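Chains as they are written, first to last, in the working numbering: chain A, 1 to 259; chain B, 260 to 518.
Below is one structure, written out as structure tokens, with a few remarks after it.
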């Protein structure tokens with residue numbers, strides 16, 4: 001979420017970090033969306049996401065004290081509920097300031113209480129490294145988690161409170177991956193070889209990433225092998241390694257180098 | 260676009276680069292979306308984007324020779340048109356190979372011709388640094404541009420072929436920005452000051468980015484001032500500097516340091 005992403009000032013590293021975590025927990029990320037700090041835009045994006053019926057929607061950013069922190073209001077609007085001042089959230093914020101400034105009395109001004117105004121029916125989640133609590137709310141089988149935009153805070157809350165929920169949903173699903181590099185072969189030459197290996201090893205996904213491009217110099221392609229399955233670990237690994245080996249043999253036969 | 264973004268393997272730097280370019284040309288990016296390499300997912304995302312009636316939709320990735328390069332097929336599906344083998348695109352690809360391998364005869368295999376199969380009614384755009392031509396197609400007042408995913412290729416085509424179209428649409432709109440750093444003040448304390456300055460300088464947008472967080476150590480906040488307007492350049496700059504000055508005075512009055 002946020003204008004800084006749409007202005008191109010900030011690269012969405014929160015999204016990549018969360019996506020990598022979800023993947024390694026056996027989950028599958030279906031979409032990443034960045035929208036402006038605008039009430040209508042955010043709530044539209046939330047409504048669209050709900051309609052796709054995912055198990056989880058994770059938002060980052062927009063839950064702080066400033067005027068343009070409006071994610072919670074937008075979630076409330078998307079769910080047609082009101083914001084309410086949550087007592088537990090107020091306590092979390094008060095305790096945060098008390099810990100941080102043991103000798104000062106920090107009064108709960110409006111911008112500070114704003115961080116405790118959360119959608120009716122939602123639950124605040126402790127932020128172990130910042131002020132604004134995160135928020136969790138369910139709707140039609142989808143769990144929505146609203147995390148802070150500050151990466152350190154988003155990560156801490158994800159680790160504390162989301163990872164368990166996600167791996168519980170993913171069940172025994174495992175994700176394995178391998179990278180290799182192919183030199184001396186154009187991507188257009190590699191394409192039918194990949195097709196062939198993927199047909200022989202269904203379940204293994206091979207994605208090619210041309211680096212340096214077909215445009216100049218020697219072609220140099222990174223290949224990403226992955227498999228996501230709830231089968232026994234040994235069998236999954238055998239599948240992945242089988243596909244890997246078959247591809248290496250095929251590209252070596254046409255004179256390419258693999259590393 | 261692309262699984263690598265959803266797996267968290269790749270950070271979406273193409274999106275940030277394009278967003279920064281569009282912003283500096285006076286345009287406004289309303290949304291950034293990443294979806295899986297899946298025909299239905301991509302065409303759904305394209306249809307949703309068309310419904311929002313933007314001036315431009317820019318896609319990156321999925322126009323190469325491999326089986327999972329399916330952006331053009333997805334665009335065709337979203338627009339309910341067919342893919343057709345485009346003669347100009349074939350020539351572009353043939354000439355690219357001839358330039359790159361002057362001594363070899365590169366035959367136009369199926370994966371290579373795939374890059375010349377573009378939606379009916381679209382136009383291929385020369386890729387000066389790679390093989391796959393980019394594609395341009397109009398629908399209901401929206402111009403769709405499909406760029407390659409390789410950053411070097413996407414950038415070259417953007418500079419050659421998109422920047423003019425975007426700045427023509429943006430008209431005389433200009434975008435100015437400034438960053439400052441505020442130390443010794445919590446974001447919750449800064450919030451009402453920002454509100455106040457923004458009320459005095461409508462048009463100027465001030466966004467606060469807590470770095471290091473409110474959680475530990477000294478608060479340290481980056482403030483981003485921006486204005487996007489078609490007014491005379493001098494006046495816009497005066498607005499931005501006026502807002503900057505007023506904020507600096509206000510935070511200095513409560514004992515914060517600005518740099």
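By construction, the Cβ of each residue, glycine as well, lies at the ideal position given by its N, Cα and C atoms.
Only a predicted model underlies this, so the values are computations on that prediction, with no experimental measurement involved.
Residues in its own chain within less than 8 angstroms of residue i by CB, not counting five upstream and five downstream?
i	result
residue 34 (chain A)	1, 2, 5, 6, 12 and 15
residue 47 (chain A)	78
residue 233 (chain A)	174
residue 455 (chain B)	509
residue 248 (chain A)	180 and 258
State the Cα-Cα distance for the pair residue i and residue j, rounded to the nearest angstrom.
i	j	result
residue 237 (chain A)	residue 62 (chain A)	41 angstroms
residue 164 (chain A)	residue 73 (chain A)	27 angstroms
residue 351 (chain B)	residue 392 (chain B)	7 angstroms
residue 125 (chain A)	residue 149 (chain A)	15 angstroms
residue 446 (chain B)	residue 438 (chain B)	16 angstroms
residue 246 (chain A)	residue 368 (chain B)	22 angstroms
residue 360 (chain B)	residue 54 (chain A)	48 angstroms
residue 214 (chain A)	residue 299 (chain B)	Unreliable placement is indicated for residue 214 (chain A), whose pLDDT of 46 sits below 50; no coordinate value is reported for it.
residue 503 (chain B)	residue 111 (chain A)	21 angstroms
residue 43 (chain A)	residue 49 (chain A)	10 angstroms
residue 378 (chain B)	residue 401 (chain B)	15 angstroms
residue 138 (chain A)	residue 169 (chain A)	14 angstroms
residue 94 (chain A)	residue 121 (chain A)	21 angstroms
residue 389 (chain B)	residue 128 (chain A)	48 angstroms
residue 328 (chain B)	residue 69 (chain A)	38 angstroms
residue 364 (chain B)	residue 185 (chain A)	15 angstroms
residue 189 (chain A)	residue 419 (chain B)	28 angstroms
residue 194 (chain A)	residue 151 (chain A)	37 angstroms
residue 183 (chain A)	residue 177 (chain A)	20 angstroms
residue 198 (chain A)	residue 223 (chain A)	13 angstroms
residue 140 (chain A)	residue 340 (chain B)	36 angstroms
residue 228 (chain A)	residue 267 (chain B)	15 angstroms
residue 208 (chain A)	residue 235 (chain A)	24 angstroms
residue 342 (chain B)	residue 376 (chain B)	6 angstroms
residue 451 (chain B)	residue 460 (chain B)	14 angstroms
residue 230 (chain A)	residue 156 (chain A)	28 angstroms
residue 90 (chain A)	residue 99 (chain A)	14 angstroms
residue 37 (chain A)	residue 403 (chain B)	25 angstroms
residue 514 (chain B)	residue 67 (chain A)	22 angstroms
residue 239 (chain A)	residue 430 (chain B)	55 angstroms
residue 479 (chain B)	residue 462 (chain B)	25 angstroms
Which same chain residues, not among the five before or five after residue i, have their C-beta less than 6 angstroms away from its C-beta?
i	result
residue 10 (chain A)	4
residue 45 (chain A)	33 and 35
residue 154 (chain A)	14, 60, 147 and 148
residue 88 (chain A)	124
residue 464 (chain B)	485
residue 288 (chain B)	278 and 281
residue 356 (chain B)	365
residue 252 (chain A)	none
Output needed for residue i: all residues of its chain with C-beta closer than 7 angstroms, excluding positions within five of it in sequence on either side, in chain order.
i	result
residue 18 (chain A)	58 and 158
residue 405 (chain B)	318, 322, 330, 331, 334, 393 and 394
residue 166 (chain A)	22, 25, 27 and 56
residue 241 (chain A)	none
residue 65 (chain A)	111, 112, 114 and 115
Tell me whether residue i is buried or exposed, calling it buried when 16 or more other Cβ atoms sit within 10 Å of its Cβ.
i	result
residue 319 (chain B)	buried
residue 290 (chain B)	buried
residue 226 (chain A)	buried
residue 52 (chain A)	exposed
residue 210 (chain A)	buried
residue 421 (chain B)	buried
Could you please give the first and the last residue of the uninterrupted alpha helix (DSSP H) stretch that includes residue i?
i	result
residue 198 (chain A)	187-200
residue 489 (chain B)	Residue 489 (chain B) -> no alpha helix (DSSP H), and no H or E assigned at all.
residue 281 (chain B)	272-283
residue 3 (chain A)	3-6
Could you check where the beta strand (DSSP E) with residue i kicks off and where it finishes?
i	result
residue 312 (chain B)	Neither: residue 312 (chain B) is in no beta strand (DSSP E) and is coded neither H nor E.
residue 292 (chain B)	290-294
residue 208 (chain A)	204-211
Comparing the CB of residue i with every heavy atom of the ligand GDP, is any distance shorter than 7 angstroms?
i	result
residue 275 (chain B)	Of ligands this structure carries none, so the ligand GDP is not represented either.
- Task: Can you check the region 115-188 of chain A for any alpha helix (DSSP H) of at least 4 residues that lies completely inside it and give the ranges in chain order?
- Result: 151-157 and 163-170
- Message: What ranges does the beta strand (DSSP E) occupy inside the region 61-124 of chain A, keeping only unbroken runs of at least 3 residues that lie completely in it?
- Response: 83-85 and 117-119
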